[in-house]
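Have a look at the structure below before the remarks.
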Amino acid sequence: MTHPKAKRPLAVALLLGMSTLVAGCGFSTADELNVWLADQRKLHSASLNAMGAPQVFEAEAYLLTDRSDPFFRKGLVGEQPEPRGAASPARHASEYDFELAGERSELEKVSTDALQFKGTMSQDGVPVALVWANRQLHLVHLGDYLGPHHGKVLEITAKELRLRELLQDESGQWKPKATVLSVNQGSK
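To convert, take the position in the sequence shown, counting from 1, and add 520; that gives the numbering used here.
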């Protein structure tokens with residue numbers, strides 16, 4: 521049986537021999553490493569092609585101005601569209617022009633279907649509707665406007681809120697439409 525201390529010089533000699541072999545595989549100086557890196561860069565470099573100047577856009581003249589307009593409503597019915605330079609017919613004044621001209625309120629930007637009539641209260645003896653929209657409860661008085669179709673509040677009762685909305689027909693005239701918001705049910 522051999523003593524453990526006797527194996528130690530053999531292990532040290534083996535380690536020294538292995539480290540010498542491993543050191544021989546590496547680069548001996550930094551110069552050799554730099555030369556090798558330069559060679560590798562030359563072998564694997566990408567060539568860049570010069571780009572030409574950008575092309576100039578040339579607009580084409582629109583030559584179809586004498587043809588019928590596909591967006592003209594009456595052109596499909598059989599009437600001929602008016603020439604583009606012709607004066608447009610006089611616009612008929614509407615009884616709703618004053619209402620349509622004003623600036624839109626916050627509740628006029630919300631669809632009537634998204635409005636919820638929650639109930640009523642009274643302020644100085646005048647009925648006020650409570651309408652839920654945009655995660656807020658709004659106070660609505662007689663004459664206020666709701667919804668995108670200029671819905672004017674005409675009547676406020678305990679169970680419903682009556683509106684008169686304005687819808688434009690094919691001829692461009694404004695036609696009234698009755699809308700009712702019931703408590704907790706939305707519009708009808």
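For every residue, glycine included, the Cβ atom is placed at its ideal position computed from N, Cα and C.
Distance from the CA of Ala533 to the CA of Arg561, rounded to the nearest whole angstrom, comes to 41 Å. The continuous stretches of alpha helix (DSSP H) do not include Lys638, which lies in the beta strand (DSSP E) extending over residues 636 to 643. For Gln560, no beta strand (DSSP E) segment is defined; the enclosing uninterrupted segment is the alpha helix (DSSP H) at 550 to 563. Per the coordinates, the alpha-carbon of Lys638 lies some 23 Å from the alpha-carbon of Arg624. In the three-state DSSP reduction, Lys697 falls in the strand class (E or B).
The Cβ neighbour count for Glu690, taken over all protein chains shown within 10 Å, is under 16; the residue is labelled exposed. A direct Cα-to-Cα measurement between Leu659 and Thr699 gives close to 18 Å. Going by DSSP, His658 is part of the beta strand (DSSP E) stretching over 656 to 660. Between the C-alpha atoms of Trp694 and Lys672 there is a straight-line separation of about 14 Å.
Using a Cβ distance threshold of 8 Å, Leu657 and Leu666 do not count as a contacting pair. Looking from the CA of Pro647, the closest CA among Leu635, Ala678, Asn569 belongs to Ala678. Burial check for Ala653: the Cβ neighbour count within 10 Å reaches 16 or more, so the residue is buried. The criterion of a C-beta distance shorter than 8 Å is not satisfied by His661 and Leu686.
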